[in-house]
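> In this note's numbering, the protein residues as written are 112 to 579.
Think of the CB as a built atom: it goes at the ideal place given N, C-alpha and C, for glycine as much as any other residue.
Just dropping this structure here.
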């Protein structure tokens, strides 16, 4: 029997590393500009409350069903196969969006460090110029992360732990420098655009806080008591909410609203200003951001590949996606599929960052809604199910998770304060269409298999009766 490879520290760094990613480096200025310092912090708290309710739901369900697949297992047991497919396919789009996001973000980071490396203009996509060297960096780095995941989750965990510790050190350095050399006077607009500004930032938070759910996807790989898995999952969400609030406050102490409006990378510029104009300080923060890219990339490869493999094992996707490596036990074909799809993102330029953020957030909230509904259904349907980690005030928590997810989904529809663009809806609809094709193909293959085995059984019975 293969020994499980992930321990407590591995699990917490896998989830926390996934949630903090790269967004805190490139988008902190945008959050503050749109909602103000305290408006942005409030937005993350409000979004975080929704995610925390969902996280507690996940914690109980994961401890009760600690197998690879996560939301697929929960929704299937509660509502059946079709609902399970919708839930998991939505979750996978969220994961794919993050992985593709990082493939676009990484070459952008290097451009900040080495402005001269971008060469070989090819074409322009919606105002974004695409260059040969920029695309090559995105594609090669994407394939490199795929290779790390191909050779086992323990390799991923070691890299994840090291990178997460570096990120934590860099974030604390930013906060420390801002506290010493920054000023509350720089926070000239605590809240901007009122409720509309807060909502605009709040709808981004599911994408930024997405990541705790990779623990359920890889629960079968973990050498942790089931009750502990639930507690670690909730802890990771709380840590991430605090992290984003700290970064927003630290950047605000160092940067005025005017400086934020013209900054291309607010956290890096804030770090430079906090350390008396040191260019080295800004580059140190960028290196921390690169570690964030790696942690997020790794975590979502783990979650996404295991989710695809679990769906294939259940007959919801083509069976070749269920193949695992004989030595490493990794879902190799799922990893190769993810690499092939997400390595295309750099060819569409930096506009993909916004499109992927919003489309991925919408998809992930659909999955959270269905998981929360599954929690309520299973509390009623199977009250005696063994739940090593049982949430207090369970029905209240489940209803709160469903309602908050429903409100968040409403914010994305046309006419709402944070309505998605045509590009973002196109991503969602294309993904839904691809899911229908895969699901129908898998169902057809199952029906053909049933007919084939039925005919063989009938022939055997006829032969047997003839012999008699």
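On the three-pair Cβ rule with 8 Å, is the stretch 204–215 touching the stretch 515–524?
The answer is no - the stretch 515–524 does not touch the stretch 204–215, with fewer than three Cβ pairs under 8 Å.
> Any idea if residue 253 is buried or exposed, counting beta-carbon neighbours within 10 angstroms, 16 or more meaning buried?
Buried, because 16 or more other Cβ atoms sit within 10 Å of the Cβ of residue 253.
> Would you list the one or two residues that DSSP bridges to residue 73?
This structure gives no information on residue 73, because the portion of the chain shown stretches from 112 to 579.
> Distance, Cα to Cα, residue 556 vs residue 192?
In a straight line, the C-alpha of residue 556 is about 16 Å away from that of residue 192.
> Taking DSSP's pairing of strands, which residues face residue 240 in a bridge?
According to DSSP, residue 240 bridges with 235.
> To the nearest angstrom, report how far apart residue 312 and residue 303 are at their CA atoms.
Their backbone Cα atoms lie some 11 Å apart in a straight line.
> My understanding is that residue 139 touches residue 359, with C-beta atoms under 8 Å, so please give their C-beta distance in whole angstroms.
The Cβ separation is near 6 Å, so the contact holds.
> Between the stretch 292–308 and the stretch 504–511, can you find at least three pairs of beta-carbon atoms closer than 8 Å?
With the cut-off at 8 Å, the stretch 504–511 and the stretch 292–308 do not touch.
> With burial defined as no fewer than 16 other Cβ atoms inside 10 Å of the residue's Cβ, what is the status of residue 114: buried or exposed?
Confidence at residue 114 is low in this model, with a pLDDT of 47, below 50, so its placement is unreliable and no value can be given for it.
> Using beta-carbon positions only, say whether residue 539 and residue 480 come within less than 9 Å of one another.
No; because the gap between Cβ atoms is not below 9 Å, this pair is not in contact.
> Are residue 550 and residue 436 close, meaning C-beta to C-beta below 9 Å?
In this structure, residue 436 does not lie closer than 9 Å to residue 550 by Cβ.
> Excluding sequence positions up to five away, which residues of its chain have a Cβ less than 8 Å from the Cβ of residue 389?
If we look at residue 389 and ignore the five residues flanking it on each side, its Cβ neighbours are 383.
> If you drop the 5 nearest sequence neighbours on each side, which residues of the same chain put their C-beta closer than 6 Å to that of residue 316?
Hits under 6 Å: 155 and 158.
> What's the C-alpha gap between residue 444 and residue 433?
Each residue's alpha carbon lies about 7 Å from the other.
> Rounded to the nearest angstrom, what separates residue 215 and residue 452 at their Cα positions?
One C-alpha to the other measures close to 13 Å.
> Does the Cβ-Cβ distance between residue 171 and residue 505 come in under 9 Å?
For residue 171 and residue 505, yes; Cβs fall inside 9 Å.
> By the 10 Å Cβ neighbour count, where 16 or more other Cβ atoms means buried, how is residue 230 classified, buried or exposed?
Per the 10 Å Cβ criterion, exposed.
> Expressed to the nearest angstrom, what Euclidean distance is found between the alpha-carbon atoms of residue 408 and residue 527?
Approximately 31 Å between the Cα atoms of the pair.
> Any idea what DSSP makes of residue 275, helix, strand or coil?
If DSSP states are grouped into helix, strand and coil, residue 275 belongs with the helices.
> Pick from 441, 142, 272 and 368: whose alpha carbon is nearest that of residue 412?
Nearest of 441, 142, 272 and 368 to residue 412, Cα basis: 441.
> Please determine if the stretch 209–225 and the stretch 239–252 are in contact, where contact requires at least 3 C-beta pairs separated by less than 8 Å.
Yes: at least three Cβ pairs fall under 8 Å.
> Please classify residue 290 as buried or exposed, where buried requires at least 16 neighbouring CB atoms within 10 angstroms.
Flag for residue 290 reads exposed.
> Could you have a look at residue 454 and say whether DSSP puts it in helix, strand or coil?
Coil at residue 454, not helix or strand.
> Taking only the alpha-carbon atoms, compute the straight-line gap between residue 497 and residue 184 and give it to the nearest angstrom.
In a straight line, the C-alpha of residue 497 is about 15 Å away from that of residue 184.
> Within the continuous alpha helix (DSSP H) that includes residue 298, where are the two ends?
First-last for residue 298: undefined, no H or E at that position.
> Determine, using beta-carbon pairs with one atom in the stretch 127–136 and one in the stretch 292–303, whether at least three such pairs fall under 8 Å.
With a cut-off of 8 Å, the stretch 292–303 and the stretch 127–136 do not count as touching, because too few Cβ pairs lie within range.
> Do residue 286 and residue 387 count as a contact pair if the criterion is CB distance below 9 Å?
Not a contact, by the Cβ cut-off of 9 Å.
> Residues in its own chain within less than 7 Å of residue 429 by CB, not counting five upstream and five downstream?
Cβ within range, chain order: 423, 549, 552 and 553.
> Please classify residue 494: is it buried, with 16 or more other beta-carbons within 10 angstroms of its beta-carbon, or exposed?
Label assigned to residue 494: exposed.
> Starting from residue 417 and walking both ways along the alpha helix (DSSP H), at which residues does that stretch end?
Residue 417 -> alpha helix (DSSP H) spans 390–424.
> Does DSSP put residue 498 in a helix, a strand or coil?
Residue state, collapsed to three classes: coil.
> Going by the CB atoms, is the gap between residue 148 and residue 363 shorter than 9 Å?
Their beta carbons are under 9 Å apart, which means residue 363 touches residue 148 by this criterion.
> Leaving out five residues before and five after residue 271 in sequence, what residues of the same chain have Cβ atoms less than 6 Å from its Cβ?
124, 125, 128, 406 and 409, listed in sequence order.
> Would you give the residue range spanned by the alpha helix (DSSP H) that residue 203 belongs to?
Residues 192–224.
> Looking only at its own chain, which residues have a Cβ that is under 7 Å from the Cβ of residue 476, when we skip the five neighbours before and after it?
Result list for residue 476: 317, 516, 519 and 520, in chain order.
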